[in-house]
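Engineer:
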Amino acid sequence: MRRSTLTAAALTTLFLAGGCSDEPEVKHPSPTAPTAPTASSVKPTQTPATRPPSLDLPDNAQTLLAETTGNKDEELPAFTPQEGAYTLYAACEGKGKVSIVDRDSSNPHPVTCNGIRTVGVVYEDKKPQHLTIKVTGGTSVWRIAVISGNHQP
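Per the numbering used here, the sequence shown starts with residue 825, numbered consecutively.
1) According to DSSP, simplified to helix, strand and coil, what is lysine 958?
2) When we look at the beta-carbon of alanine 915 and count the other beta-carbons within 10 Å, is it buried (16 or more) or exposed?
3) Name, in chain order, the residues that DSSP records as bridge partners for histidine 933.
4) Mapping the DSSP letters down to three states, classify alanine 902 as helix, strand or coil.
5) From which residue to which residue does the beta strand (DSSP E) around glutamate 917 run?
6) Taking the alpha-carbon positions, what's the alanine 885 to isoleucine 924 distance?
7) Do the stretch 894–902 and the stretch 935–945 touch if we need at least three Cβ pairs shorter than 8 Å?
8) If contacts are defined as beta-carbon pairs under 8 Å, then glycine 908 and threonine 963 qualify, I think. What distance do you get, rounded to the angstrom?
In structure tokens, the structure reads:
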């Protein structure tokens with residue numbers, strides 16, 4: 825009697841450890857056979873720590889500056905607001921500090937990094953706007969977009 829109890833316990837342990845199921849057995853490649861990369865073995869080109877979060881732009885808004893991404897100082901293309909105002913959407917990830925600077929002013933506007941989206945409305949005449957992204961104090965990846973009008977969430 826005791827022998828059958830031990831045998832049953834050993835078999836139960838083997839089934840649990842082996843992961844018994846109704847699915848067919850997975851075939852394992854031989855150690856000498858070349859293997860193709862699987863989705864889980866391929867590394868993404870950017871790790872989540874270096875990819876800025878989505879900007880979640882409003883639908884049907886007129887884009888003045890399409891989503892632009894970078895990781896260093898960059899002068900953005902000029903754009904002209906059509907409604908007397910424009911809304912900036914920005915996000916960043918990393919250890920550096922990111923700010924937006926109007927090239928006609930030396931007053932930087934900080935972008936909060938690591939999971940917090942920055943949204944700001946700027947009231948301005950219909951004249952070309954020239955913005956620069958500045959990264960200081962480390963590395964950060966940033967994303968910015970500009971849409972026409974006041975679109976604060």
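Just so you know, even glycine gets a beta-carbon here, dropped at the ideal spot from N, CA and C.
Structural biologist: Looking at the coordinates:
1) strand
2) buried
3) Ile924
4) coil
5) 909–918
6) 21 Å
7) no
8) About 37 Å separates the two Cβ atoms, so there is no contact after all.
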